Amino acid sequence: MISKLNTIFAKHQHEPGSLLPILHDVQHALGYVPEDAVPLIANHLNQSRAEVHGVISYYQHFRTTPPPKHVVRLCCAEACQANGCNALFEHAKLQNIEVEPVYCLGLCTLGPAMQIDELKLHARVTPEKFDALIKALGDES
Ligand code: FES
């Protein structure tokens with residue numbers, strides 16, 4: 001982690017206001033912003049840990065824990081809401097599956113729509129179909 005941080009620090013060496021670009025690069029390189037990185041970033045920028053924590057917690061984009069192996073996104077835009085995406089979110093919560101809300105996956109007439117990782121789109125997702133897709137992920141691992 002330290003060598004990656006040093007590379008990122010060097011990249012933004014002469015950039016004023018480089019906290020956000022550094023946090024973005026750390027998350028891109030490591031998948032999240034580890035707690036151990038906060039004092040190093042704060043020290044590098046001559047800021048307090050609280051200031052760095054404040055920025056991390058302000059932006060929902062930043063993760064402070066490692067990302068899940070698979071990213072599951074459910075569309076919660078209007079058309080998918082009309083077709084039951086809220087019930088699917090509740091269903092996912094009960095299964096302890098981390099789901100990110102997105103706003104339109106381009107399958108509006110075939111909702112609720114779901115995306116697994118970056119490219120796999122699924123239409124007309126029911127709780128049963130959701131469970132089968134999640135089970136298949138586990139079988140792939
Ligand atoms: S509204 Fe859900 S895919 Fe467009």
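The sequence shown lines up with residues 1 to 141 when you count with our numbering.
Heads up, the beta-carbon is just placed ideally off N, CA and C, and yes, glycines get one too.
Values in this document were obtained by computation on a predicted structure and should not be read as measured data.
| Asked | Found |
| --- | --- |
| Suppose the cutoff is 6 Å on Cβ atoms and the five residues either side in sequence are ignored; what does the same chain contact list for CYS80 look like? | GLY111, PRO112 and ALA113 |
| How would you write the range of the alpha helix (DSSP H) that ARG73 sits in, first residue to last? | Counting along the chain, ARG73 falls outside any alpha helix (DSSP H), though it belongs to the beta strand (DSSP E) covering 72-75. |
| Less than 8 Å between the beta carbons of GLU35 and PRO68, yes or no? | no |
| Quick check: what's the CA-CA separation for CYS75 versus LEU137? | 19 Å |
| So, for CYS104: in the same chain, excluding its five sequence neighbours on each side, which residues have a beta-carbon less than 7 Å away from its beta-carbon? | CYS75 and ALA77 |
| Once you ignore the five residues that flank LEU23 on each side, which residues in its own chain have a CB closer than 7 Å to its CB? | VAL33, VAL55, ILE56 and PHE62 |
| Whole angstroms are fine: how far does the CA of ALA92 sit from the CA of HIS28? | 26 Å |
| Please confirm whether VAL26 and ILE2 have their CB atoms less than 8 Å apart. | no |
| On a Cα-Cα basis, can you pick out the residue from LEU45, VAL38 and LEU133 that is closest to HIS14? | LEU45 |
| Whose C-alpha, out of LEU121, ALA10, HIS122 and ASP117, is nearest the C-alpha of VAL71? | ASP117 |
| Could you name the residues of the same chain whose beta carbon sits closer than 6 Å to that of CYS108, not counting the 5 residues immediately before and after it, in chain order? | ALA79 |
| Work out the CA separation of TYR59 and VAL125 for me, nearest whole Å. | 30 Å |
| Could you give the distance in angstroms between the alpha-carbon of ILE134 and the alpha-carbon of LEU119? | 15 Å |
| Residue range of the alpha helix (DSSP H) that GLN27 falls in? | 19-30 |
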